[in-house]
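Chemist:
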Amino acid sequence: ETGVTQTPRHLVMGMTNKKSLKCEQHLGHNAMYWYKQSAKKPLELMFVYNFKEQTENNSVPSRFSPECPNSSHLFLHLHTLQPEDSALYLCASSQGVKTQYFGPGTRLLVL
Amino acid sequence: QKEVEQDPGPLSVPEGAIVSLNCTYSNSAFQYFMWYRQYSRKGPELLMYTYSSGNKEDGRFTAQVDKSSKYISLFIRDSQPSDSATYLCAMSGDAGNMLTFGGGTRLMVKP
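Those sequence lines, one after another, are chains A and B.
Counting in my numbering, the first sequence runs from 1 upward without gaps.
Counting in my numbering, the second sequence runs from 1 upward without gaps.
1. In whole angstroms, what is the alpha-carbon distance linking Ser72 (chain A) and Phe64 (chain A)?
2. Which word fits Ile72 (chain B), buried or exposed, when buried means at least 16 other C-beta atoms lie within 10 angstroms of its C-beta?
3. Residues in its own chain within less than 6 angstroms of Gln100 (chain A) by CB, not counting five upstream and five downstream?
4. Please state the DSSP three-state secondary structure of Val83 (chain B).
5. State the CB to CB distance for the pair Ser52 (chain B) and Gln38 (chain B), rounded to an integer number of angstroms; the pair is presumed to be in contact (CB under 8 angstroms).
6. To the nearest angstrom, how far is it from the Cα of Ser79 (chain B) to the Cα of Thr86 (chain B)?
7. Using beta carbons (cut-off 7 angstroms, strictly below), is Lys52 (chain A) in contact with chain B?
8. Starting from the beta carbon of Val112 (chain A), find every residue of chain B whose beta carbon is closer than 7 angstroms, and list them in chain order.
9. Output needed for Leu99 (chain B): all residues of its chain with C-beta closer than 6 angstroms, excluding positions within five of it in sequence on either side, in chain order.
10. Count the C-beta pairs between the stretch 11–19 of chain B and the stretch 62–69 of chain B that are closer than 8 angstroms, then say yes if the count reaches three, no if not.
11. Taking Glu56 (chain A) as the query, report the chain B residues whose CB atoms sit under 9 angstroms from its CB, ordered along the chain.
12. Between Ser93 (chain A) and chain B, is any beta-carbon pair separated by less than 7 angstroms?
13. Tyr122 (chain A) lies in the beta strand (DSSP E); which residues open and close that run?
14. Assign Pro69 (chain A) to one of two classes, buried (16 or more other C-beta atoms within 10 Å of its C-beta) or exposed (fewer than that).
15. Please state the DSSP three-state secondary structure of Glu15 (chain B).
16. Write down the C-beta distance between Leu46 (chain B) and Met34 (chain B) rounded to the nearest angstrom, noting that I regard them as a contact closer than 8 angstroms.
17. Given that Phe101 (chain B) touches chain A, what residues does it touch there, using C-beta distances under 8 angstroms?
18. In angstroms, rounded to a whole number, what distance separates the CA positions of Ser20 (chain A) and Ser62 (chain A)?
19. Does DSSP classify Pro66 (chain A) as helix, strand or coil?
20. Just mark Val12 (chain A) as buried or exposed, buried being the case when its beta carbon has 16 or more other beta carbons within 10 Å.
21. Within 7 angstroms (strictly less), CB to CB, does Trp104 (chain A) reach chain B?
22. Please report the distance separating the alpha-carbon of Gly4 (chain B) from that of Ala87 (chain A).
Shown next, in the form of structure tokens:
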């Protein structure tokens, strides 16, 4: 595996379900990010982890809970989501410089 | 006013045309400028990265930054149908590692 991988690629869940999104980066980077991409809206930064420490929480509702057990893995735990949370969730990583490398995303549909 | 403005398009051009994609921004602290290409249902892919003002060329792609006008451009020469995608500009200041994205311009290159 190379680059940034994300699983699952597609997810359908009900509002009472609990699910988790997984991201893994194979680039040796020290920072990882979660973004939300909705139709016709710019990318919204959700969380930033530097050296496994959360350094940014961009006013994200508590129904989204990130976890970064090590510098290569990032999770986004989902609980009691709303239909408006349906979107493409993108993971990215970077190392020291400004350029971020993105995974393919998880397309989430909340029913 | 949004920090980064980008015409959403769609921009439709014939194959072989020269394409010009642009972003304007308001934050004079931005020093790092990136262009990403995003195909439908995929994650953004880094295309070009420039620091401060000037031009950078990579194959058919040329990135230009004019900091005095707070204006960046991406030129695509000899455009191909495979260039059809959404192009996102992104930028950052010296502090931190967070990017501010434009909303993206959808490009369609017709055979």
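Glycine residues also receive a C-beta, built at the ideal position from the N, C-alpha and C atoms.
Modeler: This is what the structure gives:
1. Locating residue 72 (chain A) in the first sequence gives position 72, counting from the first residue. Locating residue 64 (chain A) in the first sequence gives position 64, counting from the first residue. Phe64 (chain A) has its alpha-carbon roughly 20 angstroms from the corresponding atom of Ser72 (chain A).
2. Within the second sequence, the letter at position 72 stands for residue 72 (chain B). By the neighbour-count rule (16 or more Cβ atoms within 10 Å), Ile72 (chain B) is buried.
3. Position 100 of the first sequence holds residue 100 (chain A). Close CB contacts of Gln100 (chain A) within its chain, under the 6 angstroms cut and outside five residues either way in sequence, are with Ala92 and Ser94 (chain order).
4. By 1-based counting over the second sequence, the position of residue 83 (chain B) is 83. Rather than Val, the amino acid found at residue 83 (chain B) in this sequence is Asp. Three-state DSSP puts Asp83 (chain B) in a helix.
5. For this step, residue 52 (chain B) is matched to residue 52 along the second sequence. For this step, residue 38 (chain B) is matched to residue 38 along the second sequence. Rounded, the Cβ-Cβ distance is 25 angstroms, inconsistent with contact.
6. Position 79 of the second sequence, counting from 1, holds the residue named residue 79 (chain B). Position 86 of the second sequence, counting from 1, holds the residue named residue 86 (chain B). Distance between the alpha carbons of Ser79 (chain B) and Thr86 (chain B): 14 angstroms.
7. Numbered from 1 along the first sequence, position 52 holds the residue referred to as residue 52 (chain A). It does not; no Cβ of chain B falls within 7 angstroms.
8. Any question about residue 112 (chain A) goes unanswered here, given that chain A covers just 1 to 111.
9. Start at 1 with the first residue of the second sequence, and residue 99 (chain B) comes out as number 99. Non-local beta-carbon contacts of Leu99 (chain B) in its own chain, meaning distances under 6 angstroms to residues more than five positions away in sequence, involve Ala90 and Ser92 in chain order.
10. The answer is no - the stretch 62–69 of chain B does not touch the stretch 11–19 of chain B, with fewer than three Cβ pairs under 8 angstroms.
11. Position 56 of the first sequence, counting from 1, holds the residue named residue 56 (chain A). Against chain B, a Cβ distance below 9 angstroms from Glu56 (chain A) picks out Gly96 and Met98.
12. By 1-based counting over the first sequence, the position of residue 93 (chain A) is 93. Answer no: the Cβ-Cβ gap between Ser93 (chain A) and chain B never drops below 7 angstroms.
13. In the structure as shown, chain A begins at 1 and stops at 111. Residue 122 (chain A) is therefore absent and cannot be evaluated.
14. As a first step, residue 69 (chain A) must be located in the first sequence, where it is residue number 69. Exposed.
15. Within the second sequence, numbered from 1, the residue matching residue 15 (chain B) stands at position 15. Secondary structure at Glu15 (chain B): coil, using DSSP grouped into helix, strand and coil.
16. Position 46 of the second sequence holds residue 46 (chain B). Position 34 of the second sequence holds residue 34 (chain B). Indeed they touch by this definition, with Cβ atoms about 6 angstroms apart.
17. Here residue 101 (chain B) refers to the residue found at position 101 when the second sequence is read from its first residue. Correct list: Pro42 and Leu43.
18. Your numbering for residue 20 (chain A) matches position 20 in the first sequence. Your numbering for residue 62 (chain A) matches position 62 in the first sequence. Taking C-alpha positions only, Ser20 (chain A) is separated from Ser62 (chain A) by approximately 14 angstroms.
19. As a position in the first sequence, residue 66 (chain A) is number 66, starting the count at 1. Residue state, collapsed to three classes: strand.
20. As a working note, residue 12 (chain A) is residue 12 in the first sequence. Val12 (chain A) should be labelled exposed.
21. Taking the first sequence and counting its residues from 1, the one referred to as residue 104 (chain A) is at position 104. Looking at the sequence shown, residue 104 (chain A) is not Trp but Pro. A Cβ of chain B is located within less than 7 angstroms of the beta carbon of Pro104 (chain A).
22. By one-based count along the second sequence, residue 4 (chain B) stands at place 4. By one-based count along the first sequence, residue 87 (chain A) stands at place 87. The question names Gly, but residue 4 (chain B) in the sequence shown is Val. Their backbone Cα atoms lie some 22 angstroms apart in a straight line.
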